[in-house]
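Undergrad:
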Amino acid sequence: MLLGQIVYGLVIGSIYSLIAIGFSMVFQAIGLLNFAHQEFMMLGGLIGYTLAVTLNLPAPLVVLLAGLGAGCIAVAIEKVGISPIRHRGGAEINLIIATIGWGIILSNAAMLTWDAYPLGYPQRFQGKPLNLGGISIVPQNLVILGAGILLMILLQLFFKRTWTGQSMRAAAEDSPTAALMGIDTDRTVSWTFFISGALGGIAGVFVSSIFYASFEMGLIGLRCFAAAVLGGFGNIVGAMFGGLILGIIETLGATYISSAYKDVIAYGIVIVILLIRPTGIFAARRTGLT
Amino acid sequence: MRPRFTYGGELFLWRWLRLTMANRYVISPFAIITMLAALLLPLLLDPFGFLILFLDNILVFVLLTLGLQLILGYAGILNLGHAAFFGLGAYTSAILTKTLGVPFPLAFLASTLMGLLGGLLMCPIIRLRDVYFAMASFAFGIVAYVVFSEWRELTNGHIGIRAIPPARLAGIDFTSSLNFYYLVLPCVIVLYLVFRLLLISPFGTSLNAIRQSELAARSVGMHLAAIKVKTILIGAAAAGAAGSLITHLQGFVSPELFNWPQSITLVTMMVIGGIGSFPGAIIGTFAIQFMSEYLRFLVEYKMLIYGGVLVFFMIFLPKGIAGVVRALVVAALERRSAR
Numbered sequence: 002m003l004l005g006q007i008v009y010g011l012v013i014g015s016i017y018s019l020i021a022i023g024f025s026m027v028f029q030a031i032g033l034l035n036f037a038h039q040e041f042m043m044l045g046g047l048i049g050y051t052l053a054v055t056l057n058l059p060a061p062l063v064v065l066l067a068g069l070g071a072g073c074i075a076v077a078i079e080k081v082g083i084s085p086i087r088h089r090g091g092a093e094i095n096l097i098i099a100t101i102g103w104g105i106i107l108s109n110a111a112m113l114t115w116d117a118y119p120l121g122y123p124q125r126f127q128g129k130p131l132n133l134g135g136i137s138i139v140p141q142n143l144v145i146l147g148a149g150i151l152l153m154i155l156l157q158l159f160f161k162r163t164w165t166g167q168s169m170r171a172a173a174e175d176s177p178t179a180a181l182m183g184i185d186t187d188r189t190v191s192w193t194f195f196i197s198g199a200l201g202g203i204a205g206v207f208v209s210s211i212f213y214a215s216f217e218m219g220l221i222g223l224r225c226f227a228a229a230v231l232g233g234f235g236n237i238v239g240a241m242f243g244g245l246i247l248g249i250i251e252t253l254g255a256t257y258i259s260s261a262y263k264d265v266i267a268y269g270i271v272i273v274i275l276l277i278r279p280t281g282i283f284a285a286r287r288t289g290l291t
Numbered sequence: 006m007r008p009r010f011t012y013g014g015e016l017f018l019w020r021w022l023r024l025t026m027a028n029r030y031v032i033s034p035f036a037i038i039t040m041l042a043a044l045l046l047p048l049l050l051d052p053f054g055f056l057i058l059f060l061d062n063i064l065v066f067v068l069l070t071l072g073l074q075l076i077l078g079y080a081g082i083l084n085l086g087h088a089a090f091f092g093l094g095a096y097t098s099a100i101l102t103k104t105l106g107v108p109f110p111l112a113f114l115a116s117t118l119m120g121l122l123g124g125l126l127m128c129p130i131i132r133l134r135d136v137y138f139a140m141a142s143f144a145f146g147i148v149a150y151v152v153f154s155e156w157r158e159l160t161n162g163h164i165g166i167r168a169i170p171p172a173r174l175a176g177i178d179f180t181s182s183l184n185f186y187y188l189v190l191p192c193v194i195v196l197y198l199v200f201r202l203l204l205i206s207p208f209g210t211s212l213n214a215i216r217q218s219e220l221a222a223r224s225v226g227m228h229l230a231a232i233k234v235k236t237i238l239i240g241a242a243a244a245g246a247a248g249s250l251i252t253h254l255q256g257f258v259s260p261e262l263f264n265w266p267q268s269i270t271l272v273t274m275m276v277i278g279g280i281g282s283f284p285g286a287i288i289g290t291f292a293i294q295f296m297s298e299y300l301r302f303l304v305e306y307k308m309l310i311y312g313g314v315l316v317f318f319m320i321f322l323p324k325g326i327a328g329v330v331r332a333l334v335v336a337a338l339e340r341r342s343a344r
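If you read the sequences in order, they're chains A and B.
The numbering of the first sequence is the working numbering, which starts it at 2 and goes up by one.
The numbering of the second sequence is the working numbering, which starts it at 6 and goes up by one.
(1) May I ask you to report which of helix, strand or coil DSSP gives B:ARG23?
(2) For B:MET140 and B:PHE283, what's the separation of their Cα atoms in angstroms?
(3) I want to verify the contact list: residues of chain B whose CB lies under 8 angstroms from the CB of A:ALA99, in sequence order.
(4) Kindly say whether A:TYR118, judged by its beta-carbon, lies nearer than 8 angstroms to any beta-carbon of chain B.
(5) With distances taken Cα to Cα, identify the nearest neighbour of B:PHE291 among B:ALA214, B:PHE66, B:LEU333, B:SER342.
(6) For B:ARG173, does the three-state DSSP call read helix, strand or coil?
(7) Does A:GLY243 come out as helix, strand or coil in the three-state DSSP assignment?
(8) Have a look at the DSSP bridge pairing and note the partners of A:ALA214.
(9) Could you tell me the alpha carbon to alpha carbon distance between B:MET274 and B:MET296, rounded to whole angstroms?
(10) Between A:ILE106 and chain B, is there a C-beta pair that is closer than 8 angstroms?
(11) Would you say A:ARG89 lies against chain B (beta-carbon separation less than 8 angstroms)?
(12) Which bits of chain B does A:TYR268 rub up against, with CB to CB less than 7 angstroms?
(13) Got a sec, what are the start and stop residues for the alpha helix (DSSP H) B:ASN62 sits in?
(14) Rounded to the nearest angstrom, how far is the Cβ of B:PRO170 from that of B:ASP178, given a contact under 8 angstroms?
(15) Compare the beta carbon distance of B:SER182 and B:LEU58 with 8 angstroms and say whether it is the shorter of the two.
(16) Locate the beta strand (DSSP E) running through A:LEU133, then write down its first and last residues.
(17) Which residues in the same chain have their Cβ closer than 6 angstroms to the Cβ of A:LEU47, if we skip the five residues on either side of it in sequence?
(18) When DSSP labels each residue in this structure, what does B:ILE32 get in the three-state scheme?
(19) Applying the 10 Å Cβ sphere with the 16-neighbour rule, what's the burial state of A:TRP164?
(20) Which residues bound the alpha helix (DSSP H) around A:SER25?
(21) Starting from the beta carbon of A:TYR262, find every residue of chain B whose beta carbon is closer than 8 angstroms, and list them in chain order.
(22) Please classify A:ASP264: does DSSP put it in a helix, a strand, or coil?
(23) From what residue to what residue does the alpha helix (DSSP H) around A:ILE138 run?
(24) By DSSP, does B:VAL107 sit in helix, in strand, or in coil?
(25) Please identify the residue among B:ARG341, B:PHE109, B:PHE145 whose C-alpha is closest to the C-alpha of B:GLY124.
(26) Give the residues from the region 227-238 of chain A that approach chain B closer than 8 angstroms (Cβ to any Cβ), ordered along the chain.
(27) When you compare the CB of B:ILE326 with every CB in chain A, is at least one pair closer than 8 angstroms?
(28) Curious, which full-length alpha helix (DSSP H) runs of at least 4 residues does the region 84-120 of chain A contain?
(29) Between B:LEU56 and the rest of its own chain, which residues show a CB-CB distance below 6 angstroms, the 5 nearest in sequence each way excluded?
(30) Near A:ILE266, which residues of its chain fall below 8 angstroms by C-beta distance, leaving aside the five closest residues on each side in sequence?
(31) What does B:LEU83 reach in chain A if we use C-beta pairs closer than 8 angstroms?
(32) Do A:GLY49 and A:GLY248 have their C-beta atoms within less than 8 angstroms of each other?
(33) Tell me the residue span of the alpha helix (DSSP H) that contains A:GLU174.
(34) Would you list, in sequence order, the uninterrupted alpha helix (DSSP H) runs of no fewer than 4 residues that lie entirely inside the region 228-258 of chain B?
(35) Under 8 angstroms between C-beta atoms, does A:ARG278 make it to chain B?
(36) By the three-class DSSP mapping on this structure, what secondary structure does B:LEU133 have?
This is how it looks when you write it as structure tokens:
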């Protein structure tokens with residue numbers, strides 16, 4: 002029972018991680034709290050639904066294309082409505098309100114496109130439950146957990162090994178200096194939005210294959226903000242573990258304490274972490290205290 | 006011929022306006038005209054119509070946004086959990102008047118105090134820097150919402166508390182929208198005047214210094230945390246009072262009104278109206294409320310347009326409506342002084 006809960010918590014947590022990473026990446030790159038981020042997840046879920054049901058594509062392709070689609074939309078939004086504000090020297094609060102505006106636009110455009118009903122993924126995404134050492138597991142959960150971890154490893158390799166990844170890290174660290182070294186910082190910001198949107202989109206397919214896809218599902222993604230804080234905002238490895246830990250805490254908390262108060266647990270942790278360890282429970286780089 | 010009311014060659018009215026904008030006078034001629042117009046406005050409206058009820062509602066929100074403007078626009082604290090104070094006030098008033106039968110004036114004061122207490126609860130996170138504070142206050146708002154919706158014994162959960170007795174003060178019943186208008190309008194005017202007075206006081210000067218540069222303000226020895234705590238307490242108390250009023254205006258409370266989207270909407274009103282301007286907060290409140298009410302004919306496209314307007318404002322008018330007006334007035338004043 003407990004083991005099953007922990008595995009389920011890890012599955013949910015790996016989805017949270019993917020979303021939290023995107024949240025953290027954008028914050029690290031341009032210091033922005035992206036309130037539209039959870040809508041990329043929603044878009045991924047809905048695009049995935051269309052690909053899976055209308056076009057009947059195989060699951061891996063659905064995941065890939067949905068991620069690509071959400072990533073492209075994220076870049077488009079960055080080009081049209083985020084960067085122009087930054088280039089005009091807009092204040093932080095203006096950027097935040099702009100992302101809120103984009104969030105509203107995305108979820109309502111999705112409602113107009115896909116209707117307001119929850120859309121379930123076809124049965125082939127779930128598979129038959131397996132019995133592993135006494136606990137029953139839906140194979141889909143294992144695939145999600147594996148894919149999530151694989152994505153995070155790939156992301157680390159991307160940041161460490163590729164030119165684009167390294168320039169993104171440099172630009173996030175110190176944008177003016179990076180620009181002086183010949184890095185096109187506008188491009189790294191676009192890349193940041195693309196990857197963040199794509200990870201969100203993929204997470205969206207995972208979430209909706211477990212539950213359902215709907216224009217309102219962004220609300221689930223909002224909790225990942227807690228995961229991002231848990232791991233130290235702007236810290237990508239931290240966001241990964243933050244997501245996993247949040248998933249486990251939430252699942253266990255819902256079973257053993259109270260499901261009604263699970264948001265209190267998550268956001269209570271946020272407040273406490275921000276107060277005692279603003280750099281998150283991992284690594285110490287940025288500091289949130291004045 | 007020179008104009009009759011001049012002061013050192015400058016027209017009296019222009020000088021008045023200029024010094025109000027520089028926070029030397031409490032109130033501008035425009036504010037006086039607006040207040041008089043607001044006092045007389047109900048004479049033109051149908052006393053049982055929708056518009057007067059709608060105005061009551063907006064004025065309650067003005068109490069919220071004025072308080073938030075002090076916090077956000079003047080102390081520069083990005084508070085994403087302001088609706089929590091609103092909710093605290095609302096539930097306090099609802100429970101006191103309905104369950105315990107406390108008279109309205111006492112409940113109103115208690116709500117204000119509860120708002121203040123809520124502000125005290127927020128104080129530990131005041132040490133956090135900008136975005137970190139924003140996240141913590143956002144979390145604060147969500148925790149408050151969950152408490153409102155899940156502490157069923159006290160708040161009756163998602164169903165909320167219904168049939169709350171109307172406001173009654175000195176023998177006057179404030180059930181009708183018209184009467185309520187004359188309850189909430191004085192509150193708004195008093196709060197506005199108090200805030201303007203605050204700006205003129207030394208406290209206002211330090212707020213202005215913080216707004217221009219936190220670093221510089223700290224380097225001359227200002228106690229930033231103390232000043233910020235004061236603004237949060239004042240804003241939270243105003244929100245508590247607003248909560249009491251909305252409870253008695255609606256006759257019921259339910260937690261949805263105090264969820265995080267409400268806090269975000271309040272910040273949106275601020276940004277559309279203009280950060281760092283009390284008239285801007287009022288304009289923004291009216292603009293957003295009218296927009297969400299009168300865009301209904303767009304049906305399912307309403308929210309789409311609403312989001313588009315937000316993005317448009319942030320790209321092209323980042324200083325909000327008050328910023329545009331201020332720029333126009335400043336340009337006019339400069340043209341006059343150059344002549």
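C-beta: ideal position from N, C-alpha, C; glycine also.
Keep in mind the model is a prediction, meaning the values are calculated, not measured.
TA: In short, the structure shows the following:
(1) By one-based count along the second sequence, residue 23 of chain B stands at place 18. Reduced to three states, the DSSP call for B:ARG23 is helix.
(2) Translated into the one-based positions of the second sequence, residue 140 of chain B becomes position 135. Translated into the one-based positions of the second sequence, residue 283 of chain B becomes position 278. Taking the straight line joining both Cα atoms gives about 25 angstroms.
(3) Position 98 of the first sequence holds residue 99 of chain A. Around A:ALA99, the beta-carbon contacts reaching into chain B at under 8 angstroms are LEU315, VAL316, MET319, ILE320.
(4) In the first sequence, residue 118 of chain A corresponds to position 117, counting from 1. For A:TYR118, the answer is no, since every Cβ of chain B falls outside 8 angstroms of its Cβ.
(5) If you number the second sequence from 1, residue 291 of chain B lands on position 286. Among B:ALA214, B:PHE66, B:LEU333, B:SER342, the Cα nearest to that of B:PHE291 is on B:PHE66.
(6) Working through the second sequence from its first residue, we reach residue 173 of chain B at position 168. B:ARG173: strand per DSSP, three-state reduction.
(7) On the first sequence, residue 243 of chain A is found 242 positions in, with the first residue counted as 1. Here DSSP, grouped into helix, strand and coil, assigns A:GLY243 to helix.
(8) For the purposes of this step, residue 214 of chain A is taken as residue 213 along the first sequence, with counting starting at 1. BP columns for A:ALA214 point to A:LEU120.
(9) Here residue 274 of chain B corresponds to residue number 269 of the second sequence, with the count starting at 1. Here residue 296 of chain B corresponds to residue number 291 of the second sequence, with the count starting at 1. Between the alpha carbons of B:MET274 and B:MET296 lies a gap of roughly 11 angstroms.
(10) As a working mapping, residue 106 of chain A is identified with position 105 in the first sequence. Taking Cβ atoms only, chain B reaches closer than 8 angstroms to A:ILE106, which makes this a yes.
(11) What you label residue 89 of chain A is simply residue 88 of the first sequence in a count that begins at 1. A:ARG89 has a beta carbon lying within less than 8 angstroms of a beta carbon in chain B.
(12) Along the first sequence, one-based indexing puts residue 268 of chain A at 267. By Cβ distance, chain B contributes ALA144, ILE147, VAL148.
(13) Taking the first residue of the second sequence as 1, we reach residue 62 of chain B at position 57. In the DSSP assignment, B:ASN62 falls within the unbroken alpha helix (DSSP H) covering 55-73.
(14) Here residue 170 of chain B is taken as the residue at index 165 of the second sequence, counted from 1. Here residue 178 of chain B is taken as the residue at index 173 of the second sequence, counted from 1. Rounded, the Cβ-Cβ distance is 10 angstroms, inconsistent with contact.
(15) Counting from 1 along the second sequence, the entry for residue 182 of chain B is found at position 177. Counting from 1 along the second sequence, the entry for residue 58 of chain B is found at position 53. In this structure, B:LEU58 lies closer than 8 angstroms to B:SER182 by Cβ.
(16) As a position in the first sequence, residue 133 of chain A is number 132, starting the count at 1. Annotation for A:LEU133: the continuous beta strand (DSSP E) segment containing it runs 131-133.
(17) Position 46 of the first sequence, counted from the first residue, corresponds to residue 47 of chain A. Excluding residues within five positions, the ones whose Cβ falls inside 6 angstroms are ALA111, TRP115, ALA214.
(18) In the second sequence, the residue the question calls residue 32 of chain B occupies position 27. In the structure shown, the three-state DSSP call for B:ILE32 is coil.
(19) Counting from 1 along the first sequence, the entry for residue 164 of chain A is found at position 163. Counting Cβ neighbours within 10 Å, A:TRP164 comes out exposed, since fewer than 16 surround it.
(20) Within the first sequence, residue 25 of chain A is the residue found at index 24, counting from 1. 3-31 is the span of the alpha helix (DSSP H), which, as asked, contains A:SER25.
(21) The residue given as residue 262 of chain A occupies position 261 in the first sequence. Ordered by position in chain B, the residues that pass the 8 angstroms Cβ test against A:TYR262 are VAL151, GLU155.
(22) Stepping through the first sequence from its first residue, residue 264 of chain A is reached at position 263. Under the three-state reduction of DSSP, A:ASP264 is assigned to helix.
(23) Position 137 of the first sequence, counted from the first residue, corresponds to residue 138 of chain A. Per DSSP, A:ILE138 belongs to no alpha helix (DSSP H); it is in the beta strand (DSSP E), 136-138.
(24) Within the second sequence, numbered from 1, the residue matching residue 107 of chain B stands at position 102. Correct three-state label for B:VAL107: coil.
(25) Position 119 of the second sequence, counted from the start, is the residue given in the question as residue 124 of chain B. If we check each option's Cα against that of B:GLY124, B:PHE145 comes out closest.
(26) Sequence-ordered contacts of the region 227-238 of chain A with chain B read ALA227, VAL230, PHE234 [C-beta pairs closer than 8 angstroms].
(27) The sequence position of residue 326 of chain B within the second sequence is 321, counting from 1. Output row for B:ILE326: interface = no.
(28) Runs of the alpha helix (DSSP H) lying entirely within the region 84-120 of chain A, each at least 4 residues long, are 84-88, 93-115 in chain order.
(29) As a position in the second sequence, residue 56 of chain B is number 51, starting the count at 1. Within the same chain, B:LEU56 has close Cβ partners LEU50.
(30) Sequence index remark: in the first sequence, residue 266 of chain A carries index 265 (1-based). Only ILE250, GLU251, GLY254, ILE258 meet the Cβ criterion.
(31) As a first step, residue 83 of chain B is located in the second sequence; it is residue number 78 there, counting from the start. Those are GLU93, ILE94, ILE97, listed as they occur along chain A.
(32) Counting from 1 along the first sequence, the entry for residue 49 of chain A is found at position 48. Counting from 1 along the first sequence, the entry for residue 248 of chain A is found at position 247. Not closer than 8 angstroms, so no.
(33) Working through the first sequence from its first residue, we reach residue 174 of chain A at position 173. 164-174 is the extent of the alpha helix (DSSP H) around A:GLU174.
(34) Uninterrupted alpha helix (DSSP H) stretches at least 4 residues long and entirely within the region 228-258 of chain B occur at 229-255, given in chain order.
(35) For the purposes of this step, residue 278 of chain A is identified with residue 277 of the first sequence, where counting begins at 1. False, the Cβ-Cβ gap to chain B never drops below 8 angstroms.
(36) Locating residue 133 of chain B in the second sequence gives position 128, where the first residue counts as 1. In the three-state reduction of the DSSP assignment, B:LEU133 falls in the strand class, which pools E and B.
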